[in-house]
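With our numbering as the guide, the letters of the sequence shown map in order to residues 40 to 465. So the structure is just underneath, and the comments pick up after that.
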Amino acid sequence: LASCLRALASAGASPQPFGPAMARGRAGVALRRAWSLRPSSAPLGAPRAFAASSHGSACQRRPFASGGGAQPYDVAIVGGGVIGSSIALHLAALSEQRLRVAVLETDPTYKWASAPRSAGGIRQQFSMPVNIELSMYGIEFIRSGLQEMCAGVDVDTDVQFRENGYLILAPEGGTGEASLRENVATQHAHGATWITLLTPPELEARFPWLSTDGLSLGAFGERNEGYFDPWALLQAMRKGSAARGVEHIAQEVVGVEREAGGAIGSLRLADGSALRAKTVVNAAGAFCGRFVDMCGPGVTPLPVSPRKRCMWLFKVGARTASAGVTPCPPDTTPLTIDPSGCYFRSEGTGGRFVCGVSPKPEEDPDCELKDLEAVDDKLFEETIWPTLADRVPALESLRVESSWAGMYEYNTVDQNGVVGGHPEVP
């Protein structure tokens, strides 16, 4: 992340306030300190230079390109989803000087965009400090940063955040309990002190709808965790950045032209035109690996593949289980993750919930956008529903109301985000 911030800052914004924090390589610290350096009397739109990024994002920096043709953009962002739109808004709102920024998005309708088809969750319950700190910045952004960055423009910044928490459950036996305790200790050490460990009796008292059979421990986010409307977030960032001068271009990038030193000279677009930029940001989400492939066979690939993820919306048929002793989860149910990986959370009111699970590795091939037109209902019927009915007896009676599939950017190395400059595309 430090490399990404330095590269973006060098496109025209001063990096000096953030040098010490970034040098330590602590992404969340860098972002929070950058935020805190803003005087309390100054609007968030005052000069600043940082950008938040996540899965599949990378920066390539190069000197100003001279010669014929149109003036190059300061920054070209490949991909206009939540990552690309976030980077665009940060650059537009916080840079010390006006940057010329272009966002290239294949489908401006966002029909198949990943974020709107996701569970829209935010949590600090991670095992890696960088993920914890990035998410701590994320919740600060959702609570106030988005609104402040969009101040003065006609943008609805209410993303319907529901602070219902995450509930992660560990099984009996094995290393599940020890891992959960270690993770929570790491979370506390990095500032997420609101994560609470709960024993099975404490889980039963706190969540009477939950069966604790086979559980050894649970971790619950008392605050700063929950879920929101990802479509609202995407639209707010896109409209906010556009209002601040970012150009959103409905074009697919089909190739790159590289200069003698290896840097990207220009981007070839589907309409036959070319776009030049001093800095190129790869925010292509599930297809960010394919964008790196365009740089040529000698460039080390980015190990991120497009994978299909399905979700279901269901309504509970009975307010109690058949035994009459287990109540239905309330409309404030946290995003609950069973040891099996199956998850569910409440959706609105009236006993509605959404759920999903990642397929087994051997049943999780790379996919294309056309594959999202079909939902794997067998996964729900044979895996998710039986598992959730065992964990939450009231869910033994339900009715599926809708389902959909979305794209997921899957890092085949360690399932974490990739941020920073590609060493072979300077």
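No residue lacks a Cβ here, since even glycine has one placed at the ideal position from N, Cα and C. Note that this is a predicted model, so its numbers are computed, not measured.
Item: Residues bridged to ASN263 (per DSSP); Value: Paired residue(s): none; ASN263 is not in a bridge.
Item: Extent of the continuous beta strand (DSSP E) to which HIS287 belongs; Value: 286-288
Item: C-alpha distance - VAL142 paired with GLU298, whole-angstrom precision; Value: 22 Å
Item: CA-to-CA distance, VAL393 to SER379, given in whole angstroms; Value: 17 Å
Item: Cβ shell of MET446 (< 6 Å), same chain only, five flanking positions each side left out; Value: SER153, ALA325 and PRO345
Item: At least three beta-carbon pairs within less than 8 Å, the segment 162-174 to the segment 259-277; Value: yes
Item: Closest Cα partner of VAL396 within the set GLY184, VAL414 and ASP410; Value: VAL414
Item: Where the beta strand (DSSP E) containing ARG391 begins and where it ends; Value: 391-395
Item: Element boundaries [alpha helix (DSSP H), containing GLU144]; Value: GLU144 -> no alpha helix (DSSP H), and no H or E assigned at all.
Item: Contact under 8 Å by Cβ, GLY204 with GLY253; Value: no
Item: Helix, strand or coil at ARG348 [DSSP, three-state]; Value: strand
Item: Spatial distance of VAL331 from GLU463 (CA atoms); Value: 10 Å
Item: Under 8 Å between C-beta atoms of ARG384 and ALA444; Value: no
Item: First through last residue of the alpha helix (DSSP H) which encompasses ASP332; Value: 327-332
Item: Cβ-based neighbour list, THR196, same chain, cut-off 7 Å, excluding 5 preceding and 5 following; Value: LEU185, GLN186, CYS189 and ALA275
Item: Local Cβ density within 10 Å of ARG283, reported as buried at 16 or more and exposed below that; Value: buried
Item: Coil, strand or helix - VAL320 by DSSP; Value: strand
Item: Reduced DSSP category for ARG307 - H, G, I as helix; E, B as strand; rest coil; Value: strand
Item: Bounding residues of the beta strand (DSSP E) (the contiguous stretch that carries ALA444); Value: 437-450
Item: Euclidean distance between Cα positions of SER250 and GLY456; Value: 33 Å
Item: Beta-bridge pairing of ALA384 - partner residues as DSSP gives them; Value: Ala is not the amino acid found at residue 384; the sequence shown has Arg there. Answer is VAL393.
Item: Distance, LYS278 Cα to VAL194 Cα; Value: 7 Å
Item: Buried versus exposed, by CB contacts within 10 Å (16 or more), THR388; Value: exposed
Item: Straight-line Cα distance separating PRO240 from TRP151; Value: 43 Å
Item: Beta-ladder partner(s) of TYR112, from DSSP; Value: ALA316
Item: Buried/exposed call for PHE375, threshold 16 Cβ in 10 Å; Value: Per the sequence shown, the amino acid found at residue 375 is Thr instead of Phe. Its Cβ being crowded by 16 or more others within 10 Å, THR375 is buried.
Item: Any alpha helix (DSSP H) of 4 or more consecutive residues that is wholly inside the segment 126-180; Value: 168-179
Item: Close beta carbons around GLU286, own chain, < 6 Å, minus the five adjacent residues each side; Value: ALA141
Item: VAL414 - DSSP class collapsed to helix/strand/coil; Value: coil
Item: Delimiting residues of the alpha helix (DSSP H) encompassing ALA209; Value: Run containing ALA209: none in the alpha helix (DSSP H); it sits in the beta strand (DSSP E), 205-210.
Item: Beta-bridge partners of PHE353, as assigned by DSSP; Value: PHE392 and VAL439
Item: Presumed contact (8 Å Cβ cut-off) between ALA131 and SER280, rounded CB distance; Value: 5 Å
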